[in-house]
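In what follows, a structure is listed as structure tokens, so that the remarks can point back to it.
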């Protein structure tokens, strides 16, 4: 099957043959344009084209019968129309081919200086009276100039189109003639980014508002980067997309150009659009200057950010992988620096005062941490790094931060006591609400130190009364000392348990060993010795033992009856003095 281009060439050659061969004079020159060849008459071409006349007269060949015009703007299709003009046939000039015809007339030197009412003059009339009279017409002409550079610039077609578009776009932005009012932004999105930049610059010189310029850029980005830029809900506009950023060299260049054209006014661009741009810049590995510019713009209006906006920047397009969170940290740092400068400028203390924007950002960041806490790529250092960027004074209560910590501990059950304490170190237990403290006191995932903090604080409140709040510094100092004592007691109790277990094991082993040894000795004695024989010395010892020289003496108590009542409560009085 022939390609569409080859089909058009064949059709053009067939039509050319019909009106050429209708002449009685045979052709004497073959004009080659790329893959197409046209048999024509030298006299007809030389009458209108000074370029062809020079080729024929200045040729070293006596009879030049072949001319190569492959460099003509517009290719074979435009040459056919130029040849028809030379032969006096009519053809249609439109906004899609007027620029190419004007450039071809310049290339073939078919100007009014060479011949009156030539092709250049005819195209100029159409261009000025028809093409530039409407916004859509000027845009189509400018679009056709993308393949005609630099000749289209030389004949001043591009600049005249840009001036006309800038003027008419400003008028449409101020006084819309169609619905929807921003229809002209859709029309502009077919142009390349270089022309868009020049048009926006012209609109700015004519007093266009930053919101108008931003609207045009947003529409252009969503149409030309639809595979990368997410919509306002944070979803990809394409169901499947490759994670190979090397495939997006064109998109990377386009994105960097779009960022360079963003209006400088901070309120001109919505933050969700900026977040989508930054996520795309991270994905295609755009230049650091491009990403830094987007991060700076987001940090300036961070108080308007939502959790969904932060999540857009944090995940890949399929939402399954967590990106590096360095951009989030830099954005937070930029926002904190801005707040610090504003506090210094207003004469306040940054450490003591917090703006409403700071409170909103703190709440949003805590909720954002709760959303990403379940992902295994989120290490303790990254979790703490983001949470500590928000000053503790910016949080009225730490309930949202506690929720994020609890989700993180639940999603990472293999953390030891020290690691769990490190995660909880970013939270102030004294700033939890009553419901959060009740939950924390029964939360087995929390380290013992946090549980003691919550319980002890409630006890202090009960002692000091419901209305009297205990001093925070004194409470923390007392809590630290109590926690250290409890930790020491726990360590001692653990050591004692270990010692008791060790001693009991030793005793069990010793008792079993002694019993086994005595049983073995008794068995050995019974086996080796028979009935015991009485010797002379053993008989003599037994006889002497029966002799008791103190029998019936003062020391002998064998004659006392055990049933005889003796008063032992009052001892006998004795006199110790000599009268």
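Residue numbers (this note's numbering): 69 to 647.
For every residue, glycine included, the Cβ atom is placed at its ideal position computed from N, Cα and C.
Please report how far the alpha carbon of residue i lies from the alpha carbon of residue j, in whole angstroms.
i	j	result
residue 87	residue 281	Bear in mind that the predicted position of residue 87 carries a pLDDT of just 49, short of 50, making it unreliable; the figure below should be weighed with that in mind. So the two alpha carbons sit approximately 51 angstroms from each other.
residue 538	residue 430	Unreliable placement is indicated for residue 538, whose pLDDT of 48 sits below 50; no coordinate value is reported for it.
residue 577	residue 474	46 angstroms
residue 367	residue 400	7 angstroms
residue 434	residue 297	26 angstroms
residue 213	residue 229	10 angstroms
residue 241	residue 258	18 angstroms
residue 447	residue 352	25 angstroms
residue 410	residue 426	12 angstroms
residue 164	residue 195	11 angstroms
residue 283	residue 253	7 angstroms
residue 49	residue 329	A query on residue 49 cannot be resolved here, the shown segment of the chain reaching from 69 to 647 and no further.
residue 454	residue 315	32 angstroms
residue 375	residue 218	48 angstroms
residue 488	residue 247	59 angstroms
residue 575	residue 569	10 angstroms
residue 181	residue 187	11 angstroms
residue 362	residue 332	11 angstroms
residue 166	residue 98	26 angstroms
residue 341	residue 203	27 angstroms
residue 108	residue 114	11 angstroms
residue 159	residue 145	12 angstroms
residue 155	residue 249	47 angstroms
residue 122	residue 354	51 angstroms
residue 190	residue 262	29 angstroms
residue 648	residue 102	The first residue shown for the chain is 69 and the last is 647, placing residue 648 beyond what the model contains.
residue 393	residue 318	26 angstroms
residue 177	residue 126	16 angstroms
How is residue i classed by DSSP in three states: helix, strand or coil?
i	result
residue 423	coil
residue 390	strand
residue 106	strand
residue 207	helix
residue 652	A question about residue 652 goes unanswered here, because the residues of the chain that appear run from 69 up to 647.
residue 198	coil
residue 223	coil
residue 412	helix
residue 508	helix
residue 491	helix
residue 308	The predicted position of residue 308 is uncertain, since its pLDDT is 45 and thus under 50; a value taken from the coordinates is nonetheless stated next. Here residue 308 sits in coil by DSSP.
residue 163	coil
residue 373	coil
residue 352	coil
residue 101	strand
residue 260	coil
residue 517	helix
residue 500	coil
residue 96	coil
residue 673	Absent from the model: residue 673. The displayed extent of the chain is 69 to 647, so no value can be given.
residue 332	coil
residue 277	coil
residue 177	coil
residue 464	coil
residue 300	Low confidence applies to residue 300: its pLDDT is 45, below 50, so where it sits in the model is not reliable enough to give any reading.
residue 289	helix
Going by CA-CA distance only, name the one from the options that's closest to residue i.
i	options	result
residue 105	114, 112, 95, 111	95
residue 132	230, 202, 110	110
residue 174	460, 379, 147, 453	147
residue 508	483, 469, 225	469
residue 480	249, 514, 442, 499	442
residue 207	184, 235, 183, 191	235
residue 275	382, 250, 405, 237	237
residue 384	125, 347, 186	347
residue 503	465, 486, 516, 490	465
residue 183	491, 117, 101, 515	117
residue 265	233, 247, 293, 239	233
residue 407	562, 423, 362, 180	423
residue 364	382, 152, 339	339
residue 220	244, 268, 170	170
residue 343	270, 295, 396	396
> Can at least three beta-carbon pairs, one atom from the region 314–332 and one from the region 282–290, be found at a separation below 8 angstroms?
Replying inline: Contact between the region 314–332 and the region 282–290 is present: three or more C-beta pairs spanning the two stretches fall below 8 angstroms.
>> For a minimum of 3 consecutive residues, which ranges assigned as the beta strand (DSSP E) are wholly contained in the region 120–149?
In response: The region 120–149 contains these whole beta strand (DSSP E) runs: 134–136.
> Do three or more CB pairs link the region 189–203 to the region 125–140 at distances below 8 angstroms?
Replying inline: As far as the Cβ criterion goes, the region 189–203 does not touch the region 125–140, which means the pair count is below three.
>> Under 8 angstroms: do the region 459–466 and the region 497–505 share three or more Cβ pairs, one atom per stretch?
In response: The region 459–466 is in contact with the region 497–505.
>> At 4 residues or longer, what runs of the alpha helix (DSSP H) sit wholly inside the region 225–259?
In response: With a minimum length of 4 residues, the continuous alpha helix (DSSP H) runs that stay inside the region 225–259 are 225–242, 251–256.
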